[in-house]
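Participant:
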Amino acid sequence: MSPPDVSLASAEQNFGRRDLPDDQIEECWAWEYGRESPELIDLVSKWRAKVPTKEFSAYLRFSGGVVTPFLTVGDETFLIQLGAYYMIPDWPEKPYRKIPPGSRRKYLQTLRRAEERFLPPTGLEARPMEFGLNENSEWEKFLMSLRENIAANRFRAFRTDLSELVMILVEWRLSDKEILEQLSKWLKKNRPPTVSINTEHQGAGNPIRAKRKQLELLGKYRIVRANGGNWQNPDGEKLFADQSHGIKCQNSVEEIIAGFKPISRGILPGSE
1 MSPPDVSLAS AEQNFGRRDL PDDQIEECWA WEYGRESPEL IDLVSKWRAK VPTKEFSAYL
61 RFSGGVVTPF LTVGDETFLI QLGAYYMIPD WPEKPYRKIP PGSRRKYLQT LRRAEERFLP
121 PTGLEARPME FGLNENSEWE KFLMSLRENI AANRFRAFRT DLSELVMILV EWRLSDKEIL
181 EQLSKWLKKN RPPTVSINTE HQGAGNPIRA KRKQLELLGK YRIVRANGGN WQNPDGEKLF
241 ADQSHGIKCQ NSVEEIIAGF KPISRGILPG SE
């Protein structure tokens, strides 16, 4: 039996190191947490199967030239966690930090240049590629489905156990106070009572620091898993102050992983 790959374990578990620049933290976060979601891996695998050439440039073209939170497989469209991971062939087999820094930078720079080309000169009009739809016929089906959902007052087309993407009509003739009151009423009526509210604001409100902290928790979570549930490092060093902190880490990480499960928005009209 070959010895364990120490460098691989470090790349998957040691996120406390400062070898990742701030502008790559969000990509690393989506990449690594996405590797923990079997449902996401399965969906991306099916999406990739439609692309003859298994390489970044081919996936980018098939995705419409931009990173999109929507993937269409067959006649069904899914909402996924935003990130470039699904277009990079090394995902999910390789940890993010096992990809050479120069290659990571090249991928991200290519995506940024592509997105700049597709940005409209003015306005915020949605385009098919933003929803993972490549053909005009698919776009028309999507719009038809959206109109049907609006007419039926079904705005929860994209909802998970932990989050929800909502369409909101804002009447700008109302004052800020009146708009906030309406939002407050909607929140009280629609907040799921089964979802616990996270009162621990990690990272002092900074999303980059928060995701760095969440990556560190993921690394500890993986160490515990590799140790068969033992929350101490093999060298005897404690990962947590006590077991309660270990349980809190596990719950936090598994809650984030649950949010990576793709959300089906249903079969496009006229596909059946």
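First residue of the sequence shown: 1, per our numbering; consecutive thereafter.
Every residue, glycine too, gets a C-beta built ideally from N, C-alpha and C.
Pull up the DSSP beta-bridge partners for I263, would you.
Facilitator: Taking the first residue of the sequence shown as position 1, residue 263 is located at position 263. The partner list for I263 (beta bridge, DSSP) reads L79.
Participant: Just checking my contact of E32 with L218 at CB under 8 angstroms: how many whole Å lie between their CB atoms?
Facilitator: Locating residue 32 in the sequence shown gives position 32, counting from the first residue. Locating residue 218 in the sequence shown gives position 218, counting from the first residue. The pair is a contact, with the Cβ atoms about 6 angstroms apart (cut-off 8 angstroms).
Participant: Can you tell which of I168, K248, R104 has the C-alpha that lies nearest to the C-alpha of N190?
Facilitator: Counting from 1 along the sequence shown, the entry for residue 190 is found at position 190. Nearest of I168, K248, R104 to N190, Cα basis: I168.
Participant: In or out: Q13 buried (at least 16 other Cβ within 10 Å) or exposed?
Facilitator: Locating residue 13 in the sequence shown gives position 13, where the first residue counts as 1. Buried, since its Cβ has 16 or more Cβ neighbours within 10 Å.
Participant: Closer than 8 angstroms is the cut-off here; do at least three beta carbon pairs connect the stretch 78-98 with the stretch 59-69?
Facilitator: As far as the Cβ criterion goes, the stretch 78-98 touches the stretch 59-69, which means the pair count is three or higher.
Participant: Considering only residues of the same chain and omitting the five flanking positions on each side of A58, which have a CB-CB separation below 6 angstroms?
Facilitator: By one-based count along the sequence shown, residue 58 stands at place 58. Excluding positions up to five away in sequence, the list reads V51.
Participant: Return the chain-ordered list of same chain residues with a C-beta closer than 6 angstroms to the C-beta of E36, the five sequence neighbours on each side being excluded.
Facilitator: Position 36 of the sequence shown, counted from the first residue, corresponds to residue 36. Hits under 6 angstroms: I257.
Participant: Taking the beta carbon of A30 as the centre, do at least 16 other beta carbons fall within 10 Å, making it buried, or is it exposed?
Facilitator: Counted from its first residue, the sequence shown places residue 30 at position 30. Burial call: buried.
Participant: Since P95 and K54 are thought to touch, with beta carbons under 8 angstroms apart, how far apart are those beta carbons, to the nearest angstrom?
Facilitator: One-based indexing of the sequence shown puts residue 95 at position 95. One-based indexing of the sequence shown puts residue 54 at position 54. Wrong, their Cβ atoms sit about 19 angstroms apart, outside the cutoff.
Participant: Throw me the rounded Cβ distance for the W47 and L71 pair, which I believe falls under 8 angstroms.
Facilitator: As a first step, residue 47 must be located in the sequence shown, where it is residue number 47. As a first step, residue 71 must be located in the sequence shown, where it is residue number 71. Contact holds; Cβ gap of about 5 angstroms.
Participant: According to DSSP, is T110 part of a helix, a strand, or is it coil?
Facilitator: On the sequence shown, residue 110 is found 110 positions in, with the first residue counted as 1. In the structure shown, T110 sits in a helix (DSSP, three-state: H, G or I).
Participant: Compute the Euclidean distance between the alpha carbons of D19 and E171, then round it to the nearest angstrom.
Facilitator: For the purposes of this step, residue 19 is taken as the residue at position 19 of the sequence shown. For the purposes of this step, residue 171 is taken as the residue at position 171 of the sequence shown. So the alpha carbons of these two residues sit roughly 47 angstroms apart.
Participant: When you compare the CB positions of G34 and P92, do they come within less than 8 angstroms of one another, or not?
Facilitator: Residue numbering aside, residue 34 sits at position 34 when the sequence shown is read from its first letter. Residue numbering aside, residue 92 sits at position 92 when the sequence shown is read from its first letter. Yes, Cβ-Cβ distance for G34 and P92 is below 8 angstroms.
Participant: Near P21, which residues of its chain fall below 7 angstroms by C-beta distance, leaving aside the five closest residues on each side in sequence?
Facilitator: Start at 1 with the first residue of the sequence shown, and residue 21 comes out as number 21. There are no such residues.
Participant: What is the rounded straight-line gap between the Cα of E27 and the Cα of S264?
Facilitator: Mapped onto the sequence shown, residue 27 falls at position 27. Mapped onto the sequence shown, residue 264 falls at position 264. So the alpha carbons of these two residues sit roughly 23 angstroms apart.
Participant: Can you grab the Cα-Cα spacing for the pair N251 / F240, in whole Å?
Facilitator: Taking the sequence shown and counting its residues from 1, one reaches residue 251 at position 251. Taking the sequence shown and counting its residues from 1, one reaches residue 240 at position 240. Roughly 14 angstroms between the two C-alpha positions.
Participant: Just the C-alpha distance for K177 and K188, rounded to the nearest angstrom, thanks.
Facilitator: Counted from its first residue, the sequence shown places residue 177 at position 177. Counted from its first residue, the sequence shown places residue 188 at position 188. Distance between the alpha carbons of K177 and K188 is about 16 angstroms.
Participant: Between which two residues does the beta strand (DSSP E) carrying V73 extend?
Facilitator: Position 73 of the sequence shown, counted from the first residue, corresponds to residue 73. It spans 70-73 - the beta strand (DSSP E) in which V73 sits, taken as one unbroken run.
Participant: Output the distance between the C-alpha atoms of N227 and E39, rounded to the nearest integer angstrom.
Facilitator: Counting from 1 along the sequence shown, the entry for residue 227 is found at position 227. Counting from 1 along the sequence shown, the entry for residue 39 is found at position 39. Each residue's alpha carbon lies about 25 angstroms from the other.
Participant: Tell me the DSSP bridge mates of K189?
Facilitator: Sequence index remark: in the sequence shown, residue 189 carries index 189 (1-based). The partner list for K189 (beta bridge, DSSP) is empty, contrary to what the question assumes.
Participant: To which residues of the same chain is D42 closer than 8 angstroms at the C-beta, ignoring the five residues directly before and after it?
Facilitator: One-based indexing of the sequence shown puts residue 42 at position 42. None.
Participant: Just verifying my parser: in three-state terms, what is the DSSP assignment at K94?
Facilitator: The sequence position of residue 94 within the sequence shown is 94, counting from 1. Coil at K94, not helix or strand.
Participant: Pull up the DSSP beta-bridge partners for K177, would you.
Facilitator: As a first step, residue 177 must be located in the sequence shown, where it is residue number 177. None, per the DSSP bridge assignment.
Participant: Classify G74: buried if its beta carbon has 16 or more other beta carbons within 10 angstroms, exposed otherwise.
Facilitator: Taking the first residue of the sequence shown as 1, we reach residue 74 at position 74. With fewer than 16 other Cβ atoms within 10 Å, it is exposed.
Participant: By how many angstroms is the C-alpha of L215 removed from the C-alpha of F15?
Facilitator: Here residue 15 is taken as the residue at index 15 of the sequence shown, counted from 1. Here residue 215 is taken as the residue at index 215 of the sequence shown, counted from 1. Taking the straight line from one Cα to the other gives about 6 angstroms.
Participant: Can you round the beta-carbon distance between I25 and K211 to whole angstroms, since I take them to be within the 8 angstroms contact cut?
Facilitator: Position 25 of the sequence shown holds residue 25. Position 211 of the sequence shown holds residue 211. That belief holds up - the Cβ atoms of I25 and K211 are roughly 5 angstroms apart, short of 8 angstroms.
Participant: Between P193 and E76, what straight-line distance do the alpha-carbon atoms span, to the nearest angstrom?
Facilitator: Within the sequence shown, the letter at position 193 stands for residue 193. Within the sequence shown, the letter at position 76 stands for residue 76. Their Cα atoms are separated by approximately 29 angstroms.
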